[in-house]
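J.: One structure follows; several queries about it will come next.
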Amino acid sequence: MQLTITGHHVEVTPALRAYVTEKMQRLSRHFDKVVTVDVILNVEKHTQLAEATVNAGGRTLFANDNADDMYAAIDGLADKIDRQVRRLKDRLRDHHHEKPDYQAAENI
């Protein structure tokens, strides 16, 4: 998994970089086909914004979150994007794999 962290109007400190890396490692634990993760940390007035674009399994997922604290915004972002990745994995795994119920068809 390739992780890119960018800051707009905020300096990406080693602590922020380590925190984002730790949170985004959950994605590769839940779904092994995560190729790239691009995270943008932004500050607008008093709002801290965190955005992520994930390329996984041939799909592109996007999530963003804002909070008063950058760490809280990163936590919310990680939860949102993790939920999307798990949902994508479930969709890919369960796609057309149901066995037809032949007994129900015979009873009609």
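Per my numbering, the sequence shown starts with residue 174, numbered consecutively.
Just so you know, even glycine gets a beta-carbon here, dropped at the ideal spot from N, CA and C.
In this structure, does DSSP put residue 216 in helix, strand or coil?
T.: Translated into positions along the sequence shown, residue 216 becomes position 43. In this structure, residue 216 counts as strand in the three-state DSSP scheme.
J.: Got a sec, what are the start and stop residues for the alpha helix (DSSP H) residue 180 sits in?
T.: As a working mapping, residue 180 is identified with position 7 in the sequence shown. Here residue 180 belongs to no alpha helix (DSSP H); instead the beta strand (DSSP E) covers 175-181.
J.: For residue 182 and residue 219, what's the separation of their Cα atoms in angstroms?
T.: Position 9 of the sequence shown, counted from the start, is the residue given in the question as residue 182. Position 46 of the sequence shown, counted from the start, is the residue given in the question as residue 219. If I take the Cα positions, the gap works out to 12 Å.
J.: Any idea if residue 204 is buried or exposed, counting beta-carbon neighbours within 10 angstroms, 16 or more meaning buried?
T.: Locating residue 204 in the sequence shown gives position 31, counting from the first residue. It is buried - the Cβ of residue 204 has at least 16 other Cβ atoms within 10 Å.
J.: Run through DSSP, which three-state label would residue 224 get?
T.: Residue mapping note: residue 224 aligns to position 51 of the sequence shown, counting from 1. Annotated three-state conformation of residue 224 is strand, per DSSP.
J.: With DSSP collapsed to three states, give me the class of residue 186.
T.: On the sequence shown, position 13 is the one that residue 186 refers to. In the structure shown, the three-state DSSP call for residue 186 is coil.
J.: Report yes if the CB atom of residue 207 is closer than 7 Å to the CB atom of residue 243, and no otherwise.
T.: Counted from its first residue, the sequence shown places residue 207 at position 34. Counted from its first residue, the sequence shown places residue 243 at position 70. No.
J.: What are the boundary residues of the beta strand (DSSP E) that includes residue 238?
T.: The count along the sequence shown starts at 1 and reaches residue 238 at position 65. Per DSSP, residue 238 belongs to the beta strand (DSSP E) from 232-240.
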